[in-house]
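Count the sequence shown with this note's numbering and you get residues 74 to 163, in order.
We put the beta carbon where it would ideally sit given N, CA and C, even for glycine.
Note that the coordinates shown come from a computational prediction; the quantities given were computed from them, not determined experimentally.
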Amino acid sequence: MTHAFLSDAAEKILADLSRTEQAAVETVRRALEDGPDPDHARGLPDADPRSETYVIELLPEQTAGRGISVVYRYNQDMDAALILWLIVGP
74 MTHAFLSDAA EKILADLSRT EQAAVETVRR ALEDGPDPDH ARGLPDADPR SETYVIELLP
134 EQTAGRGISV VYRYNQDMDA ALILWLIVGP
């Protein structure tokens, strides 16, 4: 089981989301704990050679609100994912 955590910045953003948007983000966090699935995420450039950064796009239909991009970094050595940012769009 992978550990998935929220950064301080992501926790602050999460607190400002609606309940349905929070539930959608929590679904992503739980899915990351089952094991990161790069097939459902888009890779982003990462300066650290020991980790990989990805983004998962949640559509408004999935959040019952606004679209949300969940940006996370996965470290295979630690078997952990850190949700860095939640980017909320229209």
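- Going by C-alpha positions, L117 is about 5 Å away from Y127.
- In the three-state reduction of the DSSP assignment, A83 falls in the helix class, which pools H, G and I.
- In this structure, T136 sits near A97, with a CB-CB distance shorter than 8 Å.
- Look at the region 92 to 143 and you find these whole runs of alpha helix (DSSP H), each 4 residues long or longer: 92 to 107, 133 to 136.
- Contact check for V161 against L105 fails: the beta carbons are separated by 8 Å or more.
- The C-alpha of I129 is placed about 15 Å away from the C-alpha of L87.
- Annotation: the continuous beta strand (DSSP E) that includes L155 extends over 153 to 161.
- The closest CA to that of E99, considering only R123, L131, M74, A114, is found on L131.
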